[in-house]
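K.L.:
Let me give you the structure first, and then I'll get to my questions.
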Amino acid sequence: MSGYVGLGAASLGLLLLVLLERGQNLVVSALILIVGAVGLLNAQRLAPILVLALVTVNELFKQFGSDIDLDSELLPVFRVGDVVLCAALLGYVAAQYRIQGLSHFILPADDPPEITRNPSRTPLPRKRSGHSVTSQELSLLAVSLPFWAILAQLVWTWLNYPRVLLGWDWRVARAAVCLLGLIACLWVTNHVLDYARRRRMTLAEARLLLQDTLWNETRGEQRWFARWLAWFWLHCQSSRHAPRDDVLTRSVRTTLGRKEQP
Amino acid sequence: MLTSRGLAFFLAVLLALAISLVTSTPSVALAGLTLLLWFLASWLLFQVRTIQAHGRLYVERRVADKRGPVKSLWVGRTFEVGARLCNKSQAALSFACIDERLPLGVERLDGTTQAEGPLAPAAPLEIGYRIRSHSPGSVRFEGLTVRMADFQGFFYRRVFIQDVRDFRVLPSLTAARGHFSTVKRHNLLPLSGAHRHPRPGTGSELLDLRDYLPGDPPKMIAWKASARRDRLMTKEFESEVPIRCTLFVDTSNSVRVGLPGKNTLTSLVNIVAAVAQANSAARDLTGLCLFDEFGVSYIKPARGQRHLLRIFEVLADAATLAPTTGETAVAQLLPLAHRLAEEVYPQLLEPQVNYFPNWLPLWAPQAAWTLRRPPIPQGTPLRRLKESARYCADVFRQGVMARLSAKARKHYRWRKQLSAILATRLGLGPGLLALLLEDDALFVVELQHFLSEHRVAFQLPLYGPGNEYLFAAPRKVEVLAAALRKAVARGRDNELFVLLADLLPISDRLDPLLAAVKMARARHHTVLVVCPQSADAAPALEMRRTFARLGVPVTGAFPDESIPLILDRLERLRALERGVR
Numbered sequence: 044m045s046g047y048v049g050l051g052a053a054s055l056g057l058l059l060l061v062l063l064e065r066g067q068n069l070v071v072s073a074l075i076l077i078v079g080a081v082g083l084l085n086a087q088r089l090a091p092i093l094v095l096a097l098v099t100v101n102e103l104f105k106q107f108g109s110d111i112d113l114d115s116e117l118l119p120v121f122r123v124g125d126v127v128l129c130a131a132l133l134g135y136v137a138a139q140y141r142i143q144g145l146s147h148f149i150l151p152a153d154d155p156p157e158i159t160r161n162p163s164r165t166p167l168p169r170k171r172s173g174h175s176v177t178s179q180e181l182s183l184l185a186v187s188l189p190f191w192a193i194l195a196q197l198v199w200t201w202l203n204y205p206r207v208l209l210g211w212d213w214r215v216a217r218a219a220v221c222l223l224g225l226i227a228c229l230w231v232t233n234h235v236l237d238y239a240r241r242r243r244m245t246l247a248e249a250r251l252l253l254q255d256t257l258w259n260e261t262r263g264e265q266r267w268f269a270r271w272l273a274w275f276w277l278h279c280q281s282s283r284h285a286p287r288d289d290v291l292t293r294s295v296r297t298t299l300g301r302k303e304q305p
Numbered sequence: 124m125l126t127s128r129g130l131a132f133f134l135a136v137l138l139a140l141a142i143s144l145v146t147s148t149p150s151v152a153l154a155g156l157t158l159l160l161w162f163l164a165s166w167l168l169f170q171v172r173t174i175q176a177h178g179r180l181y182v183e184r185r186v187a188d189k190r191g192p193v194k195s196l197w198v199g200r201t202f203e204v205g206a207r208l209c210n211k212s213q214a215a216l217s218f219a220c221i222d223e224r225l226p227l228g229v230e231r232l233d234g235t236t237q238a239e240g241p242l243a244p245a246a247p248l249e250i251g252y253r254i255r256s257h258s259p260g261s262v263r264f265e266g267l268t269v270r271m272a273d274f275q276g277f278f279y280r281r282v283f284i285q286d287v288r289d290f291r292v293l294p295s296l297t298a299a300r301g302h303f304s305t306v307k308r309h310n311l312l313p314l315s316g317a318h319r320h321p322r323p324g325t326g327s328e329l330l331d332l333r334d335y336l337p338g339d340p341p342k343m344i345a346w347k348a349s350a351r352r353d354r355l356m357t358k359e360f361e362s363e364v365p366i367r368c369t370l371f372v373d374t375s376n377s378v379r380v381g382l383p384g385k386n387t388l389t390s391l392v393n394i395v396a397a398v399a400q401a402n403s404a405a406r407d408l409t410g411l412c413l414f415d416e417f418g419v420s421y422i423k424p425a426r427g428q429r430h431l432l433r434i435f436e437v438l439a440d441a442a443t444l445a446p447t448t449g450e451t452a453v454a455q456l457l458p459l460a461h462r463l464a465e466e467v468y469p470q471l472l473e474p475q476v477n478y479f480p481n482w483l484p485l486w487a488p489q490a491a492w493t494l495r496r497p498p499i500p501q502g503t504p505l506r507r508l509k510e511s512a513r514y515c516a517d518v519f520r521q522g523v524m525a526r527l528s529a530k531a532r533k534h535y536r537w538r539k540q541l542s543a544i545l546a547t548r549l550g551l552g553p554g555l556l557a558l559l560l561e562d563d564a565l566f567v568v569e570l571q572h573f574l575s576e577h578r579v580a581f582q583l584p585l586y587g588p589g590n591e592y593l594f595a596a597p598r599k600v601e602v603l604a605a606a607l608r609k610a611v612a613r614g615r616d617n618e619l620f621v622l623l624a625d626l627l628p629i630s631d632r633l634d635p636l637l638a639a640v641k642m643a644r645a646r647h648h649t650v651l652v653v654c655p656q657s658a659d660a661a662p663a664l665e666m667r668r669t670f671a672r673l674g675v676p677v678t679g680a681f682p683d684e685s686i687p688l689i690l691d692r693l694e695r696l697r698a699l700e701r702g703v704r
């Protein structure tokens, strides 16, 4: 866990340096530092979102407090400061969530019901143990941080490409393109994954899927037939004055061919 | 599945991105895009890894004692269980937590049933623990629950890797009460009117001395007697005639009622195991006949370790039988069965393979005329009116409430999903699925089989709507009588027939059995009845008197009482066979 604390602290320090270098408000920077540091040390669950919110609010105040021309800001300029800011923020967020997985929980409360369980079993663990953390995953995260920041720069460049969409304002058009792009990506990816999932089906799942498809196709006819059969068995019971089990068990045995022991 | 943590983060990032896009704040937009891209890439990676691993995870299990792997367990002994989850896919799971579904009926002594860590092809996850079982039956290891997540805890998936292994739990071999007395009985007097019937054999009791004949083994020479008489004398020993004991064990629903491992059937199995073990130690022959209301399963009397082991295996299988009745309410078993399916078959409940149209409860709920109603004696107009009113209430409930109630809709969905799983397991396709959706009695019986197969205890009603006892199983008397007659026909010498049956609920229908017992007694066989209930209870006294008139003792199914009685009867028979006819 100390590795992630170190990564988070380094990212937080880098974030503050970038903010100070940009001439940000010292109070807000100190607030970000306090929230981030407390979040790191205590593994506060809301710390990543709070840091993101503070950075956002800080940037918004800076945007509205200055008389920057929005059109000039829209130019797709690759700035090192932005890349460092993004990488530092991502590093802090990722480290913080991984620390939460180690100290609070990584698995949600999805325990199977206790009613079907052996009483001598131990309760399910929800957090990750510290000894399972490898240096490989830590270094991989640290190395990948600039990649995501640069990729975001490329996407931002593509988003800022001047386009006309239904005569809308350019900001609305950009937001719409971003939203549609996200939805389209998720939709296509989801279907590709569904296809891959079907190809990986086990025999039991495939059999159930086939049976379910056939049942869906013939549901109405099967329902009427099953209802008359159920009524027939009820009628047999009442007319013969026999216990339900006798009629039922005989029917089930002949229908299902079940062989019980002995 | 997106966890609450992942959802909160995703929404926060989307919000920040949306604000930055609207307000044209490039730094925040870049930060938001960075976080969003990283989040989506994590999701994609997690999905690809879980899909790659799907169907390629398997369990290697080993159950062993100190001498090595075993195929059966024994009551009271400790066994080590080791399980390993292997991954034969190319992709490694970044974080997986495995959890053994510990079978019911065993006690975990030490060790761990959980393990966690990355699951790579070359690095399986392993667990190991020690168990002990306290009652005969069987232990079913279902498999391992695998919970997968990414490092951040944004995404999560739970699967169950099936690895069904059934191990019989054989009755204990070291029953202290299951041994004959080793005190010699020299003073047995022949009964009046009986004649000595000495037969030379290979027993341990001295029968006579005779002149030595060429070919007699030297170790049989009585040296002192030879010295006194000045000629070689040979010892002759009594013959040890083996006693045949046939145990008739009731396995009908009436003895299955109760918690697995703590019901009457378990007591009967323990008694039979102790008696069989004692017989085997005395080189007697033991037969076994399991019966219920539908038929019998017979094992011929024999002796030897292999035969004893076979009896134990049959008894262990019988001890796992669970009661079933179609009179159980669907709502009583449905939640339990669905939870079990969620635990053991989570993949088969996913909507991709087990689809449930949400509009189906609105369109076609279960029809009122297929519902079970308690029988009302016909005849008077008032009762007919009651029946009509009850039918109208059912029509209203199924026509209105079943369409609108959220609970009814949920139960309908559960029922469809479970019916689909049951139909697949039985291999009968959509026909059975449709039938299970409409027929309550068939559905609950199948649910009971499903639950008992997975060793899950469930409650059953003991009395039906007409206040009748549901598990009396009256037809078993005829089955038992037929089995006893057949055993008597097969019998050779004086034999012992022990009837371990729950006869009390049907004590007024014992005529076929009494006739068969009379026949056995007429052929000089000994019959003993072991009743699960106390033989001193008030309702049992009448039955006890009935059997006593035929010379048949009745005892309760308590190990301290019944095992010595059975062994005493065997000892008496042995004494008779040895010396008295």
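Residue numbers (the numbering used here), protein chains in the order written: chain A, 44 to 305; chain B, 124 to 704.
Cβ atoms here follow ideal geometry from the backbone N, Cα and C, with glycine treated the same way.
Bear in mind the structure is a predicted one, so any value in this text is a computation, not a measurement.
So with Cβ pairs under 8 Å, would you call Glu102 (chain A) a contact of chain B?
P.N.:
Chain B contact via Cβ: present.
K.L.:
Three-state secondary structure (DSSP) at Ile77 (chain A)?
P.N.:
It is helical.
K.L.:
Quick one: measure Cβ to Cβ for Ala137 (chain A) and Leu184 (chain A), integer angstroms, because I've assumed they're closer than 8 Å.
P.N.:
Their Cβ separation, rounded to whole angstroms, is 6 Å, which keeps Ala137 (chain A) and Leu184 (chain A) in contact under 8 Å.
K.L.:
Just curious, the beta strand (DSSP E) that Trp211 (chain A) is in, first and last residue?
P.N.:
Where Trp211 (chain A) is concerned, there is no enclosing beta strand (DSSP E), given that its DSSP letter is neither H nor E.
K.L.:
Can you tell me the Cα-Cα spacing of Cys368 (chain B) and Leu560 (chain B), whole angstroms?
P.N.:
Near 49 Å, if we compare the C-alpha coordinates of Leu560 (chain B) and Cys368 (chain B).
K.L.:
Going along the chain, which residues of the stretch 127-147 of chain B sit with their C-beta nearer than 8 Å to a C-beta in chain A?
P.N.:
Taking 8 Å as the Cβ-Cβ cut-off against chain A, the residues of the stretch 127-147 of chain B that qualify are Ser127, Arg128, Ala131, Phe132, Ala135, Val136, Ala139, Leu140, Ala141, Ile142, Ser143, Leu144, Val145, Thr146, Ser147.
K.L.:
What is the residue span of the beta strand (DSSP E) that Ser295 (chain B) lies within?
P.N.:
Where Ser295 (chain B) is concerned, there is no enclosing beta strand (DSSP E), given that its DSSP letter is neither H nor E.
K.L.:
Note down, in chain order, every chain A residue with its Cβ under 7 Å from the Cβ of Ser150 (chain B).
P.N.:
In chain order: Glu102, Asp125, Leu128.
K.L.:
When you compare the CB of Ile284 (chain B) with every CB in chain A, is at least one pair closer than 8 Å?
P.N.:
Not one chain A Cβ lies under 8 Å of Ile284 (chain B).
K.L.:
Let me know the secondary structure DSSP gives Leu690 (chain B) once reduced to three states.
P.N.:
Helix at Leu690 (chain B).
K.L.:
Less than 8 Å between CB atoms is the rule here; does Leu277 (chain A) satisfy it with respect to chain B?
P.N.:
Leu277 (chain A) counts as touching chain B.
K.L.:
Whose Cβ in chain A lies nearer than 7 Å to the Cβ of Ala643 (chain B)?
P.N.:
Correct list: empty, because the minimum Cβ distance to chain A is about 22 Å.
K.L.:
Among B:Leu431, B:Leu527, B:Val640, which has the Cα closest to the Cα of Leu296 (chain B)?
P.N.:
Among B:Leu431, B:Leu527, B:Val640, the Cα nearest to that of Leu296 (chain B) belongs to B:Leu431.
K.L.:
Among the candidates A:Leu93, A:Val127, A:Arg171, A:Leu257, whose CA atom is the shortest distance from the CA of Phe148 (chain A)?
P.N.:
The option with the nearest alpha carbon to Phe148 (chain A) is A:Arg171.
K.L.:
I need the straight-line Cα distance from Lys307 (chain B) to Glu328 (chain B), nearest angstrom please.
P.N.:
Since pLDDT at Lys307 (chain B) reaches only 47, below the 50 mark, its modelled position is unreliable, and the value read off the structure follows with that caveat. In a straight line, the C-alpha of Lys307 (chain B) is about 10 Å away from that of Glu328 (chain B).
K.L.:
Going straight from the alpha carbon of Ala218 (chain A) to that of Thr177 (chain A), what length do you get?
P.N.:
The straight-line gap from Cα to Cα measures roughly 40 Å.
K.L.:
Output needed for Val287 (chain B): all residues of its chain with C-beta closer than 8 Å, excluding positions within five of it in sequence on either side, in chain order.
P.N.:
Excluding sequence neighbours, Val287 (chain B) sits near Arg263, Phe264, Glu265, Gly266.
K.L.:
Roughly how many whole angstroms lie between the Cα atoms of Val193 (chain B) and Asp353 (chain B)?
P.N.:
Going by the C-alpha atoms only, they are around 60 Å apart.
K.L.:
By Cβ distance, which residues of its chain are closer than 8 Å to Asp334 (chain B), with the 5 residues on each side in sequence left out?
P.N.:
Excluding positions up to five away in sequence, the list reads Arg354, Leu355, Met356, Thr357.
K.L.:
Kindly indicate the opening and closing residues of the beta strand (DSSP E) around Lys358 (chain B).
P.N.:
Run containing Lys358 (chain B): 356-361, per the beta strand (DSSP E) assignment.
K.L.:
Is there a C-beta anywhere in chain B that falls below 8 Å from the one on Tyr204 (chain A)?
P.N.:
It does not: the Cβ of Tyr204 (chain A) has no partner Cβ on chain B nearer than 8 Å.
K.L.:
Identify whether Asp625 (chain B) lies in helix, strand or coil by the three-state DSSP scheme.
P.N.:
In the structure shown, Asp625 (chain B) sits in coil (DSSP, three-state: anything other than H, G, I, E or B).
K.L.:
What number of angstroms, rounded off, separates the C-alpha of Arg291 (chain B) from the C-alpha of Thr232 (chain A)?
P.N.:
Roughly 48 Å separates the two Cα atoms.
K.L.:
For Phe278 (chain B), list the residues DSSP reports as bridge partners.
P.N.:
BP columns for Phe278 (chain B) point to B:Leu125.
K.L.:
Out of B:Met524, B:Leu459, B:Ala176, which one is the CA nearest neighbour of Gln489 (chain B)?
P.N.:
Measuring from the Cα of Gln489 (chain B), the nearest candidate turns out to be B:Met524.
K.L.:
Check the C-beta distance from Ala139 (chain B) over to Leu128 (chain A) and give it rounded, since I have them as a contact under 8 Å.
P.N.:
Actually they do not touch by this definition, with Cβ atoms about 13 Å apart.
K.L.:
Assuming Tyr135 (chain A) and Val94 (chain A) are in contact, meaning their beta carbons sit under 8 Å apart, how far apart are those beta carbons, in whole angstroms?
P.N.:
That belief holds up - the Cβ atoms of Tyr135 (chain A) and Val94 (chain A) are roughly 6 Å apart, short of 8 Å.
K.L.:
Which of helix, strand or coil does DSSP assign to Pro241 (chain B)?
P.N.:
It is a strand residue.
K.L.:
Using 8 Å for Cβ pairs, my map puts Pro628 (chain B) next to Tyr586 (chain B). What's the rounded Cβ distance?
P.N.:
With a Cβ gap of about 11 Å, Pro628 (chain B) and Tyr586 (chain B) do not count as contacting.
K.L.:
Quick one: give me the first and last residue of the alpha helix (DSSP H) that Thr374 (chain B) is part of.
P.N.:
Unbroken run through Thr374 (chain B): none, as it is neither H nor E.
K.L.:
Consider the Cβ of Ser115 (chain A): report whether some Cβ of chain B lies at a distance smaller than 8 Å.
P.N.:
Because Ser115 (chain A) sits at a pLDDT of 48, beneath the cut-off of 50, its placement in the model cannot be relied upon, and the point is left open.
K.L.:
If you drop the 5 nearest sequence neighbours on each side, which residues of the same chain put their C-beta closer than 6 Å to that of Arg532 (chain B)?
P.N.:
Pro484, listed in sequence order.
K.L.:
Could one say the Cβ of Trp492 (chain B) lies closer than 8 Å to chain A's Cβ atoms, at least one of them?
P.N.:
Judged by the 8 Å Cβ criterion, Trp492 (chain B) is in contact with chain A.
K.L.:
Below 7 Å, is the gap between the Cβ of Ala80 (chain A) and the nearest heavy atom of the ligand ADP?
P.N.:
Absence of the ligand ADP is noted for the structure shown, with no ligands found whatsoever.
K.L.:
Run through DSSP, which three-state label would Ala181 (chain B) get?
P.N.:
Sequence inspection shows Tyr at residue 181 (chain B); the Ala mentioned does not correspond to that position. The answer is strand: DSSP assigns Tyr181 (chain B) an E or B state.
K.L.:
Alpha carbons only, please: which of B:Asp563, B:Ala564, B:Trp537, B:Leu570 is nearest the one belonging to Arg548 (chain B)?
P.N.:
Out of B:Asp563, B:Ala564, B:Trp537, B:Leu570, B:Leu570 has the C-alpha closest to the C-alpha of Arg548 (chain B).
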